[in-house]
Amino acid sequence: MKAITLLAATAPAWFQIAAKTPDELIGLARYTRTFWARAGLSLRISGSPIPSVREEKIGAQMPAFCPERHINGDGTFCLGLPAPAVRDKLGAEQWWDQLAQFLRCQTVAIGTGIWPPAYALDHGDAGHHHRLAEELADDAGVPEEYQSARLGEPSWITDRKLRMFGKKCEPINGRSPCPRGCLRRARGRLVPILRVDCEKRAKNTSLAFHEKQRRAKLEEFWNTLITKGMKCCGTMPHCRLK
Numbered sequence: 005m006k007a008i009t010l011l012a013a014t015a016p017a018w019f020q021i022a023a024k025t026p027d028e029l030i031g032l033a034r035y036t037r038t039f040w041a042r043a044g045l046s047l048r049i050s051g052s053p054i055p056s057v058r059e060e061k062i063g064a065q066m067p068a069f070c071p072e073r074h075i076n077g078d079g080t081f082c083l084g085l086p087a088p089a090v091r092d093k094l095g096a097e098q099w100w101d102q103l104a105q106f107l108r109c110q111t112v113a114i115g116t117g118i119w120p121p122a123y124a125l126d127h128g129d130a131g132h133h134h135r136l137a138e139e140l141a142d143d144a145g146v147p148e149e150y151q152s153a154r155l156g157e158p159s160w161i162t163d164r165k166l167r168m169f170g171k172k173c174e175p176i177n178g179r180s181p182c183p184r185g186c187l188r189r190a191r192g193r194l195v196p197i198l199r200v201d202c203e204k205r206a207k208n209t210s211l212a213f214h215e216k217q218r219r220a221k222l223e224e225f226w227n228t229l230i231t232k233g234m235k236c237c238g239t240m241p242h243c244r245l246k
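Printed below as a string of structure tokens:
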């Protein structure tokens, strides 16, 4: 079955279908505890197996384009990375859940000017490195430290002086102390563990590498938009396009 057929069959109570074709679904979203719970938000859903969703009339109630609110240049909503596919009933139900989460986050953004950080990856190619870095941080047991480093706090994760990796993410300087300050007991005293002896060296190295790539790709994303003359919609106070 096409994605649109599956989405129509699993449409939640908060989405009222107004029109349907084999390739497109139009309806009104009235998700509870969102800005559109009463009046509704008219949406157009199309495409298979990866459906896209946008306002039926782009720019009617949301910005036509806003990276900070995860609305793409063509008005479509960014529901995740990678974009969720719909190939069966379970995939369709998960797609609706992600749309509901997107609408909740939009409501927070409207009320506070901030997109909930727990529900966002960085824009463009930076999102790929962001997702990998978060996974590596979890595996290495430093998720909170990574989030602090990503927000600009000093950290071994972003300290260039440590020189943890080469051009292809290969670990280097193995005889240097572990960047996380790991210690071992030797001859009755604690001494630094060498990087080459650290069991989490590969994860530490990959984490630092992908965080560096994330920052570079995010800067590249914004510079590209600025060069193209893209304008800020004015709804988010910390947008780089201002």
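Note that the numbering used here has the sequence shown beginning at 5, numbered continuously upward. Ideal Cβ positions, reconstructed from N, Cα and C, are used throughout, including at glycine.
Along the beta strand (DSSP E) that carries residue i, what are the first and last residues, could you check?
i: residue 30; result: 28 to 33
i: residue 9; result: Run containing residue 9: none in the beta strand (DSSP E); it sits in the alpha helix (DSSP H), 7 to 13.
i: residue 57; result: 56 to 59
i: residue 45; result: 45 to 50
Counting C-beta neighbours from all protein chains within 10 Å, is the total for residue i 16 or more, i.e. buried, or is it exposed?
i: residue 242; result: exposed
i: residue 86; result: exposed
i: residue 29; result: buried
i: residue 80; result: buried
Would you say residue i and residue j are within 9 angstroms of each other, going by their C-beta atoms?
i: residue 70; j: residue 240; result: yes
i: residue 19; j: residue 34; result: yes
i: residue 50; j: residue 27; result: yes
i: residue 221; j: residue 126; result: yes
i: residue 7; j: residue 67; result: no
I need the boundaries of the alpha helix (DSSP H) containing residue i, first residue and last residue.
i: residue 147; result: 147 to 154
i: residue 200; result: Premise fails: residue 200 is in no alpha helix (DSSP H) and is neither H nor E.
i: residue 206; result: 205 to 231
i: residue 25; result: Residue 25 -> not in any alpha helix (DSSP H); beta strand (DSSP E) instead, spanning 19 to 25.
My guess is that residue i and residue j are in contact by the Cβ rule of under 8 angstroms, so how many angstroms apart are they, rounded?
i: residue 264; j: residue 151; result: Lying outside 5 to 246, the shown extent of the chain, residue 264 is not represented and no answer is given.
i: residue 218; j: residue 133; result: 4 angstroms
i: residue 111; j: residue 25; result: Actually they do not touch by this definition, with Cβ atoms about 30 angstroms apart.
i: residue 175; j: residue 209; result: 4 angstroms
i: residue 161; j: residue 212; result: 5 angstroms
Out of the options, which has the shortest C-alpha to C-alpha gap to residue i?
i: residue 96; options: 142, 5, 64; result: 5
i: residue 60; options: 36, 32, 75; result: 32
i: residue 199; options: 214, 182, 118; result: 182
i: residue 214; options: 194, 203, 76, 154; result: 154
i: residue 226; options: 94, 148, 129; result: 129
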